[in-house]
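These protein sequences, in sequence, are chains A and B. The C-terminal position of the first sequence is numbered 415 in my numbering, with every residue numbered one higher than the one before it. The C-terminal position of the second sequence is numbered 433 in my numbering, with every residue numbered one higher than the one before it. No residue lacks a Cβ here, since even glycine has one placed at the ideal position from N, Cα and C.
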Amino acid sequence: MKSAVTTPRAGARADDLGFDVERVRQDFPILTLKVNDKPLVFLDNAASSQMPQQVIDRYVRYRSREHANIHRAVHYLSEVATREYEAVRAKVRALINAREEREIVYTSGTTESINLVMHGYGRKFIGADDEVILSVLEHHSNIVPWQMLAQESGAHLRVVPCNDAGELDIDAYRSLFNARTRFVAVGHVSNALGTVNPVKEMVAIAHAHGVPILLDGAQAAPHLQVDVQDLDCDFYAFSGHKMCGPTGVGILYGKAERLRAMQPFKGGGDMILSVTFDRTVYADIPQKFEAGTPPIAEVIGLGAAIDYLNGIGLDAIKAHEDELLRYATDRVGELSGVRIIGRARSKAAVLSFEVDGVHPHDVGTLLNEDGVAVRTGHHCAQPVMQRFGVPATARASFAFYNTLREIDVLVGAIRKVQKVFAG
Amino acid sequence: MSAANQLYQEVILDHNRKPRNWGKLEHASHHAEGLNPLCGDHIFVYLRLRDASVEAIGFEGQSCAICKASASMMTQSVKGKRVDEAETLAREFREMALGKLDPSASGHHLGRLTVFSGVRDLPTRVKCAILPWHTLHSALHSIARASTEGDADPVPGSGLERAGHA
Ligand SMILES: Cc1ncc(COP(=O)(O)O)c(C=O)c1O
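Here is the structure:
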């Protein structure tokens, strides 16, 4: 292991905040697994993070003692389930500092949240020759819905480019606005590169043109303190499973007046006030967007995940993850024949890289031999890969339960890959 | 030895470094493009058929080591073969990669291609090994584009291209 120069100052800040990674790791049963006889080093957190025992226990308690359908009956279990389910709205509201609980819509995930806005807002307010601004860094789930809208309505997509470091070009963004601009949808944090976009500034620019803006927060919510009132965004979307919660649940935050103006996305039970064959009167927000039986257990699990994250402290989480990213960037960056893709000044928890002469999939398969789980591929962000002229990258993505020692294992495993291919 | 270590051995690494029959074939009579959208393997196979035999074959593209080595060794083993023999090899290779054909049994024609048998234990990499054969099959039948995912393209072209994203 190498020079003292790159040795971090032993996580000073996270420690100061009372953060103890070894204690935290004990909450995650999956972290004791062995893969190929090696301790699992899980560095694929941007795809889906792991669940602490507290969330698993909460989920099991609901399943074994509290389950019934919600909002529909006067019996004991339905009341318990409804209360626990609705209580999570308050936790989400507080987490992102929304003004009101009814601005929190439960969805199945970020993808559904964005599709909901496309259908509910886009199909109502965006028409032929109108323009929607996206960025080159978007995940496919913040591209394809808008492309579908463009195809059916005749609207056009305009794309904010980025520089070689993976930072959005804000001057170019500013110059994309014109009289036809109707909507902006951009990521808060890039899943492929880790870039933290200057979204507060981007919101202000959009609003100066009278244009509403959606932020895809799938990669931000797990790592940053999000304050939707401070950001002043119109919509904010994120997923439970990337923040220690279950799959199948996500959130759409929308300003009340925006949600009110939108048409419903799915029709069905639970989203109505009254139904006759002549006419249906929709429920108020957020129920207007929550047709059908929702993922009740998953919502309650998300509530437990939020409690868990708050218990550790979002500032401690950020401090530790920043330390991990700094250390990994130094250690991987000093390997000759390895190129880090995405050198933005402001980044969160993601390290995308290429090993000279070795395809990322071969890197991934060989890292797995050492128990190291990274994601390889285009990360559902093919325009980013095209921008950087690569078919794919290997991506290590960190969570607060990762350690500096695990990054050493990653670095050793990359060296082994180079050795195999050096022949 | 683990499946991966068994696979990343000298023969395959050598074909990855120095792919045989690399490059576009002049005067090809048949060709096809193969795409594995999951990992970005993207290859082109060119054929010149004469009298129902593979007179010449070439390939190029961008892919992982397993795909490239598989393509390289494929070109060596089908060159000079009759079309029906090539198709038999394609079928046998596919079955071996899926674990449905025992490479140590007799009665198949795979020969040195059995170095790829370990891929059956790496389910996420099976497609990488099969793609060249899939593409060969398409070329023989003149189907322009082979894909390991049907023709599902996750980002079908439309507004994005118009807007440009250089
Ligand atoms: C930036 C970003 N947006 C959207 C998504 C989609 O999230 P989900 O699959 O949970 O709907 C992801 C997940 O990979 C993501 O990283």
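Which residues in chain A sit within 8 Å of residue 309 of chain B, going by Cβ to Cβ distance? The answer, in chain order, is 383.
Is the separation between the beta-carbon of residue 35 of chain A and that of residue 390 of chain A shorter than 8 Å? Between residue 35 of chain A and residue 390 of chain A, the CB-CB gap stays under 8 Å.
Judging by CA-CA distance, which residue of B/310, B/328, B/353 and B/306 is the nearest neighbour of residue 322 of chain B? Checked all of B/310, B/328, B/353 and B/306; the closest Cα to residue 322 of chain B is B/353.
Does the Cβ of residue 344 of chain A lie closer than 7 Å to at least one heavy atom of ligand 1? No, ligand 1 has no heavy atom inside 7 Å of this Cβ.
If you run the structure through DSSP and keep just helix, strand and coil, what is residue 330 of chain A? Reduced to three states, the DSSP call for residue 330 of chain A is strand.
Buried/exposed call for residue 68 of chain A, threshold 16 Cβ in 10 Å: When all chains shown are included, residue 68 of chain A counts as exposed.
In angstroms with no decimal places, state the Cα-to-Cα distance between residue 317 of chain B and residue 340 of chain B. Roughly 21 Å separates the two Cα atoms.
Let's test the definition: count the other Cβ atoms within 10 Å of the Cβ of residue 168 of chain A and tell me whether it reaches 16, buried, or not, exposed. For residue 168 of chain A, the number of other beta carbons within 10 angstroms of its own is at least 16, and it is reported as buried.
Can you confirm whether residue 146 of chain A, when its beta carbon is compared against all beta carbons of chain B, has any partner nearer than 8 Å? Answer no: the Cβ-Cβ gap between residue 146 of chain A and chain B never drops below 8 Å.
Among A/205, A/249, A/50 and A/38, nearest to residue 294 of chain A - alpha-carbon criterion: Selected option, being the one with the closest Cα: A/50.
Residue range of the unbroken alpha helix (DSSP H) whose run includes residue 360 of chain B: Where residue 360 of chain B is concerned, the enclosing alpha helix (DSSP H) starts and stops at 350 to 364.
Would you say residue 343 of chain B faces chain C, with C-beta separation under 8 Å as the test? The structure shown contains no chain C; its protein chains are A and B.
Roughly how many angstroms lie between the CA atoms of residue 363 of chain A and residue 290 of chain B, to the nearest whole one? Residue 363 of chain A and residue 290 of chain B: Cα-Cα distance of roughly 37 Å.
Beta-bridge partners of residue 123 of chain A, as assigned by DSSP: Beta-bridge analysis with DSSP links residue 123 of chain A to A/148 and A/173.
Consult DSSP for residue 273 of chain A and reduce its assignment to one of helix, strand or coil. In the three-state reduction of the DSSP assignment, residue 273 of chain A falls in the strand class, which pools E and B.
Can you name the residues of chain B whose CB is closer than 9 Å to the CB of residue 28 of chain A? Neighbours of residue 28 of chain A in chain B, taken as residues whose beta carbon is under 9 Å from its own, are 269 and 271 in chain order.
Are the Cβ atoms of residue 399 of chain A and residue 316 of chain A separated by less than 8 Å? Note that the C-beta distance between residue 399 of chain A and residue 316 of chain A is below 8 Å.
Look at the alpha carbon of residue 207 of chain A and the alpha carbon of residue 245 of chain A, and state the distance between them as a whole number of angstroms. Cα to Cα, residue 207 of chain A sits roughly 10 Å from residue 245 of chain A.
Could you check whether the Cβ of residue 216 of chain A sits closer than 8 Å to any Cβ belonging to chain B? It does not: the Cβ of residue 216 of chain A has no partner Cβ on chain B nearer than 8 Å.
CA nearest to the CA of residue 117 of chain A, picked from A/380, A/175, A/143 and A/89: A/175 is the residue among A/380, A/175, A/143 and A/89 whose C-alpha sits nearest the C-alpha of residue 117 of chain A.
Less than 7 Å separating the Cβ of residue 372 of chain A from some heavy atom of ligand 1? Between ligand 1 and the CB of residue 372 of chain A, the shortest heavy atom gap is smaller than 7 Å.
What alpha helix (DSSP H) runs, 4 residues minimum, are completely inside the segment 5 to 85 of chain A? The qualifying runs are 13 to 17 and 45 to 53.
Could you check if residue 211 of chain A belongs to the surroundings of ligand 1, using beta carbon to heavy atom distance under 7 Å? At a cut-off of 7 Å, the beta-carbon of residue 211 of chain A counts as near ligand 1: some heavy atom of the ligand is closer than that.
For the segment 366 to 399 of chain B, which residues have a CB atom closer than 9 Å to at least one CB atom of chain A, in sequence order? Result list: 389, 391, 392 and 395.
Rounded to whole angstroms, what's the CA-CA distance from residue 86 of chain A to residue 222 of chain A? Just pull it up for me. Distance between the alpha carbons of residue 86 of chain A and residue 222 of chain A is about 13 Å.
Could you tell me if the beta carbon of residue 385 of chain A falls within a distance shorter than 7 Å of some heavy atom in ligand 1? The answer is no for residue 385 of chain A.
Considering only their Cβ atoms, is the gap separating residue 287 of chain A from residue 240 of chain A smaller than 8 Å? Yes, they are a contact pair.
Okay, do the segment 375 to 387 of chain B and the segment 349 to 367 of chain B touch, 3+ Cβ pairs below 8 Å being the bar? Because the criterion of three Cβ pairs below 8 Å is met, the segment 375 to 387 of chain B and the segment 349 to 367 of chain B touch.
When burial is assigned at 16 or more other CB atoms within 10 Å of the CB, is residue 267 of chain A buried or exposed? Residue 267 of chain A is exposed by the Cβ-count criterion.
For residue 307 of chain A and residue 9 of chain A, believed in contact at Cβ under 8 Å, the rounded distance: Beta-carbon to beta-carbon, residue 9 of chain A and residue 307 of chain A are separated by about 6 Å, close enough to satisfy the 8 Å threshold.
Buried or exposed (CB count within 10 angstroms, at least 16 for buried), residue 255 of chain A: Flag for residue 255 of chain A reads exposed.
Can you pull the chain A residues whose beta carbon is under 8 Å from the beta carbon of residue 305 of chain B, in chain order? Ordered by position in chain A, the residues that pass the 8 Å Cβ test against residue 305 of chain B are 369.
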